[in-house]
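Report on the structure given below.
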C-alpha cells in the first residue's frame, strides 16, 4: 500500500490474493471475478483494509489503513494462480465525476461549497472540515474538472482535501511544523528507526510566491500579494546569490476565488513554506505505523546519545506500507518552515 500526500489519490493498493476466497466455514469461490457482483469486480466494489499489530502479550490491535475502490483484478481463468488486485482511495470517484457542463459557484463559505460538490457524487460519505480558515467564494465558473475545482477552492483558504483511512473526505489545514509531533522516531535501544537518509536539491524550490486574485466575473478588481523568504537564518533566503543568499526564484499562482489581500498573503505564506521546505527531504525506514497521515509532523532522532542535537522536525509526504509481516515501512518527509 502506498500513501502519497502529493498524489491526486492519496492511497493506492496492490494486493496479491490466493486463487480462491473463503465464503464460509466450508465454502469458497474463485478469487478472479466471474460477475459484476463479485466482491473483487471493478464495478463499484470497495475494499476496507486494516493492518494488525501483534503486541508482546499476543494481543492484536487493528488499525484502519484505507478504503479502496477496486480498479482492476487479473488472474488465470484456470484457477491455478494468484489474483492481482489494484485500487485507489475515494478521491478516485471525485476525479472521475467531471462536470458535464460548466459549473458556476458562489457563496459565503468555501468549505460549504466544497462539501456540496463532494456530496453530489458521494452523498452518503462524511465530509470532515478541520480547516481553520474559511472565506467567501465570488462568482466562479469551473469547466470540467471537479477534483481540480476542489483543489483550487482548498488552496484559496490554505487547505488541502483528501480521503482518510476511514473513507471520509477531509478538508484540513495545509501542513506545518507547529504543534505536537504525531510520532517521534528514534534510533537505538527501544527505538523504531531502522535507517534514515537526507538529501537536498534546488528542484521545485521557490523562495517567493506571487498570488493573484482574478475574478472572471468581475466580482472584485484584480489584486496581487507577494511573499518572500526573508528569514536571515534561512538557506533559501531571497536575494543576491553572490552575497550568500539563495537567489531569486519566484512562483506564480492565480486563483479566481482569492478576493482579498489578506487571503492572498495567507495562501502565499502556505505555498512558500511548502516550496522552501522541498529543498531538504528525509527518507526513513522504521517499524510500521499505519496510523500516520501525510501532513503529520514527526520528529526523527538519529543519534540516541544526542537527541537534542540530532532531532529533525519534518512533515510526512507519504510512505509505503507492506501488508505482510516484516515488510518494510519507508517514510518520505520534507522540512516545512513557518513563513512570517
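Numbering (the numbering used here), first residue to last: 2 to 341.
Beta carbons: idealized from backbone N, C-alpha and C, even for Gly.
Being a predicted model, the structure only gives us computed values, none of them experimental.
Open item on the list: On the DSSP bridge list, what partners appear for residue 229?
Closed with: 209
TODO: Only counting runs of 3 or more residues, tell me where the beta strand (DSSP E) segments fall wholly within the segment 157-217, in order along the chain.
DONE: Segments of the beta strand (DSSP E) lying fully in the segment 157-217: 160-164, 170-174, 184-187, 194-201 and 209-214.
Task: Beta-carbon proximity list for residue 276, same chain, < 8 Å, skipping 5 on both sides - done: 205, 206, 207, 208, 210 and 252
- [ ] Spatial neighbours of residue 200 within its chain, please: CB distance less than 6 Å, with the 5 preceding and 5 following residues excluded, ordered by chain position.
- [x] 282
- [ ] Could you check what DSSP says for residue 79 in three-state terms: helix, strand or coil?
- [x] Collapsing the DSSP output to three states places residue 79 in coil.
- [ ] Measure the CB-CB distance between residue 95 and residue 71 and report whether it falls below 8 Å.
- [x] no
Task: Within 8 Å, strictly: CB atoms of residue 180 and residue 293 - done: no
TODO: Quick one: measure Cβ to Cβ for residue 1 and residue 66, integer angstroms, because I've assumed they're closer than 8 Å.
DONE: Outside the shown range of the chain, which is 2 to 341, sits residue 1, and nothing can be said about it.
Open item on the list: Once the 5 residues before and after residue 155 are set aside, which same chain residues still bring their CB inside 6 Å of it?
Closed with: Within the same chain, residue 155 has close Cβ partners 161 and 162.
TODO: Could you check the C-alpha separation between residue 316 and residue 336 for me, to the nearest Å?
DONE: 6 Å
Open item on the list: Going by C-alpha to C-alpha distance, which of 285, 187, 103 and 152 sits closest to residue 9?
Closed with: 152
Task: Euclidean distance between Cα positions of residue 306 and residue 185 - done: 15 Å
Task: Close beta carbons around residue 166, own chain, < 7 Å, minus the five adjacent residues each side - done: Answer for residue 166: 65, 66 and 67, listed in chain order.
- [ ] Whole angstroms is fine: what's the gap from residue 88's alpha carbon to residue 233's?
- [x] 46 Å
TODO: Please report how far the alpha carbon of residue 214 lies from the alpha carbon of residue 228, in whole angstroms.
DONE: 14 Å
Task: Local Cβ density within 10 Å of residue 257, reported as buried at 16 or more and exposed below that - done: buried
TODO: Could you give the DSSP three-state label for residue 277: helix, strand or coil?
DONE: helix
TODO: Could you pull the start and end residues of the beta strand (DSSP E) that residue 108 belongs to?
DONE: Per DSSP, residue 108 belongs to the beta strand (DSSP E) from 104-108.
- [ ] List the residues that DSSP assigns as beta-bridge partners of residue 96.
- [x] Note: residue 96 sits in no beta bridge, so no partner.
Task: Residue burial classification, residue 270 (beta-carbon count within 10 angstroms, cutoff 16) - done: buried
Task: Spatially closest choice to residue 324 from 74, 16 and 314, by CA coordinates - done: 16
TODO: Taking only heavy atoms of the ligand SAM into account, decide whether any of them is closer than 7 Å to the Cβ of residue 123.
DONE: No copy of the ligand SAM appears in this structure; indeed no ligand is present at all.
TODO: Could you tell me whether the segment 111-123 touches the segment 136-148, where touching means 3 or more Cβ pairs closer than 8 Å?
DONE: yes
Task: Residue range of the unbroken alpha helix (DSSP H) whose run includes residue 309 - done: 308-311
Task: Collapsed DSSP secondary structure at residue 122 in the structure displayed - done: coil
- [ ] Mind checking who residue 224 pairs with in its DSSP beta bridge?
- [x] 214
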